[in-house]
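Visitor:
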Amino acid sequence: MRLFLWFLLCGVTVFAQKKNESYQYHIREAEAPLKIDGLENDAAWQTTETAKDFFMITPMDTSLSRAKTEVKMCYDKNNLYIIAINYKPVKGALVVESLKRDFNFGNNDNFFIVLDTFEDLTNGFSFGASAAGAYWDGQEADGTFINLNWDNKWHGATKNYDDRWVWEAAIPFKSIRYRPDQTRWGINFSRLELTINEKSAWAPVPRQFQSANLGYAGVLVWDKPLPPAGKNISLIPYALTNVSKDQVKKTPADWKPAIGGDAKIALNSSLNLDLTVNPDFSQVEVDVQQTNLDRFELFFPERRQFFLENADLFASFGFSTLRPFFSRRIGLGVPILFGARLSGKLDKNWRIGVLDTQTREQGDLPAQNFAVVALQRKVFARSNVGILMVNKESLGYDEQIHKSTGKYNRNIGAEFNLASANNIWTGKATVLKSFSPHLSGNDVAISSLLNFNKANLFWQWRYEYVGENYNAEVGYVPNAARRGYQMAVPNVGYLFFVNSPNLISHGPLLQTTLFWNKSSKLTDNETTLTYTFNFRNRATGVVGVASNYVQLLAPFDPTNTGREKLAAGTNHNWKSAGMDFTSSPRARLTYAFSARYGGFFANGTRLNLKTTLGYRFQPYVATKFSVDYNNIQVPYLKTPVELWLVGPRVDITFTNSLFWTTFVQYNSQAKNINLNTRLQWRYQPASDLFIVYTDNYLPENLMVKNRAIVLKLTYWWNV
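With the UniProt record's numbering applied, the sequence shown corresponds to residues 1 to 719, in that order.
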């Protein structure tokens, strides 16, 4: 009840006027045809308005940017055009990793635009480029977070000179969603100039927020109402051949040709229908492996294109450890026959998402249907309320045959997302209920979060209750194995900003994570105190100490390697200390390292050392070598346990449309060496040729366990 009152009190500020209403760019229809070549000499650019005088965000947000930037925009009946002239504060300077698409924002000189096409301060699109011409595009949700896995069809060009670099682009209206007949969008332009370690934006953004924050967007004013984008149907067929061989079982090589594809149908300018038949995701980059010393499941993000557009409607519902829907539960290891997704805006205030997929029967798993419905309503300036319904249904279910799953599992939930107009107050409150065979009562989950974030002071309170029978089979609830628990996570931090040639800010952060069982008895307590140093060259350093208490709820092997388990009900206490450092991204040689040492389960000790070294031969080659080492000593195991996770990686970008990535991962905990190499040729916008080769080896003798090669061709065809 107290938290609910806090949400109401925070609502006092959510009706405030748009923060950067006075920053307006007036866009007019192009007076002459445009050629997208990265040159500034088109006649159309000579009569447009110019956005300039950017404001610095970091290292300080109290002055104009030292890096001069000029932006011009116009449009015609098909495209939105933009040209950005980025003057170099140091002549000849260039800091980029490679020509890889959807590059790491913090490691490249770059420019991008954010478009709040419904001016709801929450959802939008982002397009941009690095100074070397690598493309960037993503879909924005929650007013801040850009999903770079989203991909669409557009065209751009970059030119680099001694004193400036220029990016020019044409973004088809068909590639974005907007409300026709409107004359205002939200907009902002962001620039990162690593040569002088400066981030800036046209409409000012406080330094504690990301430059893409739509709460601080300015206004794009159209000279006349926009017409509908018109008929927009895209077919994206694929054809592939896959050859694999299991060397352990000595089976013959398995050759599997396949065809399938996707369709994107714009029902109107703001609502999209996506269809997929026999989808294949073999070209998706492999997961980065992790050493697992936890008692619960690790999280890996969704990367498959079909699940990504407007993914926040489904995936952002709930919390990081309490997700009623997690799309990776669908179709990993089991073929998807077909799927459909309807998503987008019904009007300025209402969003809808409907997802349905069908998988094939395989092994002891029956054919299954996964259906999700989400509805979201904007309230106040940037907040929203929503509902979500998830249904997993087994078709042709036989309890004797299909023992690894139940006949059905359903979840229904309601959620309130708080975001004040100035973004200082954010939070959410969620209520969920599940329906499963043979489980009833205590099947509710409740969670809430409240954040306060100003330049110096920030704090958070999070609470979670999960009933012992709450069951989200299509979700991600790693702590569900606790069979009923309560969790509280309070934290508070402070930053001291200083006038120093080397340091921007420093300050402490205190955080506690507490778990209670269904009898309200404390079972876990992790308390950490860290101190962070933020340097002017964008390097960061952290030192800290931690105290842990764990009461095991089930037998557990603390090394997760199949060794003897500790007994359920045993209590474990330990303390540890550690430090982290990440170097400036400006140098060609970059590095990061961390160290942890202290107690562990069963009166043991754990030493954890991590390091990552990177070097770039800009702009064509980026290399990275990472090592994660654990030395665990627990008395009852007699001998130390050493765990290694080693991962060299090479990204070669011959051009901004031809990429070759090779990734090797050695995981001693999983007793596996994985090699994945992928060649991608984007022969035209959003159309690709992939060649993917994968090997898995036994570490002890480098014997091949299995290998596969895939040749896949996709083509984006606008009907």
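All C-beta atoms, glycine included, are put in the ideal place defined by N, C-alpha and C.
As the structure is a prediction and not an experimental result, all values here were calculated from the model.
1) Take TYR75 as the anchor and find which of ALA67, LEU220 and THR357 has the nearest alpha-carbon.
2) Taking 8 Å as the limit between beta carbons, can you name the residues of its chain near PRO490, skipping five residues before and five after?
3) Would you kindly check if the distance between the Cβ of THR561 and the Cβ of VAL641 is under 8 Å?
4) Measuring alpha carbon to alpha carbon, tell me which of ASP116, LEU342 and PHE307 ends up nearest ASN272.
5) Is ALA371 closer than 8 Å to ASP356 when the C-beta atoms are compared?
6) Could you pull the start and end residues of the alpha helix (DSSP H) that residue 758 belongs to?
7) Quick one: complete alpha helix (DSSP H) runs, 4+ long, within the region 474 to 503?
8) With distances taken between CB atoms, is the gap from ASN451 to TYR494 smaller than 8 Å?
9) Between the alpha carbons of ARG586 and LEU235, how many angstroms are there, rounded?
10) Taking only three categories from DSSP, how would you classify LEU3?
11) Does the region 294 to 305 come close enough to the region 191 to 206 to have 3 or more Cβ pairs within less than 8 Å?
12) Rounded to the nearest angstrom, what separates PRO257 and THR662 at their Cα positions?
13) Could you give the uninterrupted runs of the alpha helix (DSSP H) lying entirely in the region 256 to 333, keeping only those of 4 residues or more?
14) Cα separation between GLY133 and GLU97?
15) Which residues bound the beta strand (DSSP E) around GLU119?
16) Closest by CA to LYS454, which one among LYS433, ALA472 and ASN423?
17) Relative to the alpha-carbon of ASP116, which residue among LYS153, GLN182 and ALA170 has its alpha-carbon at the smallest distance?
18) Could you tell me which uninterrupted beta strand (DSSP E) segments, each at least 3 residues in length, are contained entirely in the region 100 to 172, listed from first to last along the chain?
19) Curious, which full-length beta strand (DSSP E) runs of at least 3 residues does the region 421 to 476 contain?
20) I need the boundaries of the beta strand (DSSP E) containing ARG606, first residue and last residue.
21) Look up PRO635 in the DSSP assignment and say whether it is helix, strand or coil.
22) Using a Cβ-Cβ cut-off of 7 Å (strictly less than) and excluding sequence neighbours within five positions of LYS392, which residues of its own chain qualify?
23) Taking all protein chains shown into account, decide if GLU616 is buried (16 or more other Cβ within 10 angstroms of its Cβ) or exposed.
24) Do GLU140 and ASP80 come within 8 Å of each other at the CB atom, strictly closer than that value?
25) My guess is that LEU689 and TYR683 are in contact by the Cβ rule of under 8 Å, so how many angstroms apart are they, rounded?
26) With a CB to CB cut of under 7 Å and the five nearest residues on each side skipped, what residues in its chain are close to ASN78?
27) Is the separation between the beta-carbon of ALA592 and that of THR611 shorter than 8 Å?
28) What are the boundary residues of the beta strand (DSSP E) that LYS392 is part of?
29) Express the C-alpha separation of THR359 and ASP280 in angstroms, rounding to a whole number.
30) What span of residues does the beta strand (DSSP E) with GLY353 cover, start to end?
31) Return the chain-ordered list of same chain residues with a C-beta closer than 6 Å to the C-beta of GLU31, the five sequence neighbours on each side being excluded.
32) Between which residues of its own chain and GLU468 is the CB-CB distance below 6 Å, once the five residues before and five after are set aside?
33) Who are the near neighbours of PHE497 in its chain, counting only those whose CB is closer than 6 Å to its CB and skipping five residues on each side?
34) Mind reading off the beta-carbon distance from ASP580 to THR291? Whole number of angstroms is fine, and I expect it under 8 Å.
35) Is it the case that the Cβ atoms of SER269 and ILE57 are separated by a distance below 8 Å?
36) Under 8 Å by Cβ, that's how I've got GLY427 and ILE387 pegged, so tell me the actual separation to the nearest angstrom.
Guide: So, from the listed chains and residues:
1) For the purposes of this step, residue 75 is identified with residue 75 of the sequence shown, where counting begins at 1. Measuring from the Cα of TYR75, the nearest candidate turns out to be LEU220.
2) Position 490 of the sequence shown, counting from 1, holds the residue named residue 490. So the list reads TRP459, GLN460, TRP461, ARG462, GLN511 and THR512, once near-sequence residues are dropped.
3) The residue labelled residue 641 in the question sits at position 641 within the sequence shown. The residue labelled residue 561 in the question sits at position 561 within the sequence shown. Taking 8 Å as the Cβ cut-off, VAL641 and THR561 qualify as a contacting pair.
4) Taking the first residue of the sequence shown as position 1, residue 272 is located at position 272. If we check each option's Cα against that of ASN272, LEU342 comes out closest.
5) As a first step, residue 356 is located in the sequence shown; it is residue number 356 there, counting from the start. As a first step, residue 371 is located in the sequence shown; it is residue number 371 there, counting from the start. For ASP356 and ALA371, yes; Cβs fall inside 8 Å.
6) A question about residue 758 goes unanswered here, because the residues of the chain that appear run from 1 up to 719.
7) none
8) Locating residue 451 in the sequence shown gives position 451, counting from the first residue. Locating residue 494 in the sequence shown gives position 494, counting from the first residue. Not a contact, by the Cβ cut-off of 8 Å.
9) Here the question's residue 586 lines up with position 586 in the sequence shown. Here the question's residue 235 lines up with position 235 in the sequence shown. About 41 Å.
10) Along the sequence shown, read from residue 1 onward, the residue named residue 3 stands at position 3. Unreliable placement is indicated for LEU3, whose pLDDT of 46 sits below 50; the coordinate value is still reported in the next sentence. Reduced to three states, the DSSP call for LEU3 is helix.
11) no
12) Counted from its first residue, the sequence shown places residue 257 at position 257. Counted from its first residue, the sequence shown places residue 662 at position 662. If I take the Cα positions, the gap works out to 24 Å.
13) 312 to 315
14) Translated into the one-based positions of the sequence shown, residue 133 becomes position 133. Translated into the one-based positions of the sequence shown, residue 97 becomes position 97. Rounded to the nearest angstrom, the two C-alpha atoms are 11 Å apart.
15) Position 119 of the sequence shown holds residue 119. Unbroken run through GLU119: none, as it is neither H nor E.
16) Stepping through the sequence shown from its first residue, residue 454 is reached at position 454. Comparing Cα positions, the closest option is ASN423.
17) In the sequence shown, the residue the question calls residue 116 occupies position 116. When only C-alpha atoms are compared, the closest one is GLN182.
18) 110 to 116, 124 to 130, 135 to 141, 145 to 147, 155 to 160 and 164 to 172
19) 425 to 435, 444 to 453 and 457 to 466
20) Within the sequence shown, residue 606 is the residue found at index 606, counting from 1. Unbroken beta strand (DSSP E) run through ARG606: 604 to 617.
21) Mapped onto the sequence shown, residue 635 falls at position 635. Helix.
22) Taking the first residue of the sequence shown as position 1, residue 392 is located at position 392. Around LYS392: GLN368, PHE370, TYR408, ASN409, GLU473 and VAL474.
23) Residue 616 sits at position 616 when you count from the first residue of the sequence shown. At residue 616 the sequence reads Arg, which differs from the Glu that was named. By the 10 Å Cβ count, ARG616 comes out buried.
24) As a working mapping, residue 80 is identified with position 80 in the sequence shown. As a working mapping, residue 140 is identified with position 140 in the sequence shown. The sequence as given places Leu at residue 80; Asp does not occur at that position. No, they are not a contact pair.
25) Sequence index remark: in the sequence shown, residue 689 carries index 689 (1-based). Sequence index remark: in the sequence shown, residue 683 carries index 683 (1-based). Correct: roughly 6 Å between the Cβ atoms.
26) The residue given as residue 78 occupies position 78 in the sequence shown. Only PRO172 and PHE173 meet the Cβ criterion.
27) Locating residue 592 in the sequence shown gives position 592, where the first residue counts as 1. Locating residue 611 in the sequence shown gives position 611, where the first residue counts as 1. Yes.
28) In the sequence shown, the residue the question calls residue 392 occupies position 392. Segment 383 to 395, the beta strand (DSSP E) holding LYS392.
29) Stepping through the sequence shown from its first residue, residue 280 is reached at position 280. Stepping through the sequence shown from its first residue, residue 359 is reached at position 359. Answer to the nearest angstrom: the Cα atoms are 13 Å apart.
30) Stepping through the sequence shown from its first residue, residue 353 is reached at position 353. GLY353 -> beta strand (DSSP E) spans 350 to 359.
31) The residue labelled residue 31 in the question sits at position 31 within the sequence shown. Cβ within range, chain order: ALA44 and THR47.
32) Reading the sequence shown from its first residue, position 468 is the one you call residue 468. Cβ within range, chain order: ASN442, ARG483, GLY484 and LYS518.
33) Taking the first residue of the sequence shown as position 1, residue 497 is located at position 497. SER505, listed in sequence order.
34) Residue numbering aside, residue 580 sits at position 580 when the sequence shown is read from its first letter. Residue numbering aside, residue 291 sits at position 291 when the sequence shown is read from its first letter. Contact doesn't hold; Cβ gap of about 16 Å is too wide.
35) By 1-based counting over the sequence shown, the position of residue 269 is 269. By 1-based counting over the sequence shown, the position of residue 57 is 57. Their beta carbons are not under 8 Å apart, which means SER269 does not touch ILE57 by this criterion.
36) Locating residue 427 in the sequence shown gives position 427, where the first residue counts as 1. Locating residue 387 in the sequence shown gives position 387, where the first residue counts as 1. Actually they do not touch by this definition, with Cβ atoms about 18 Å apart.
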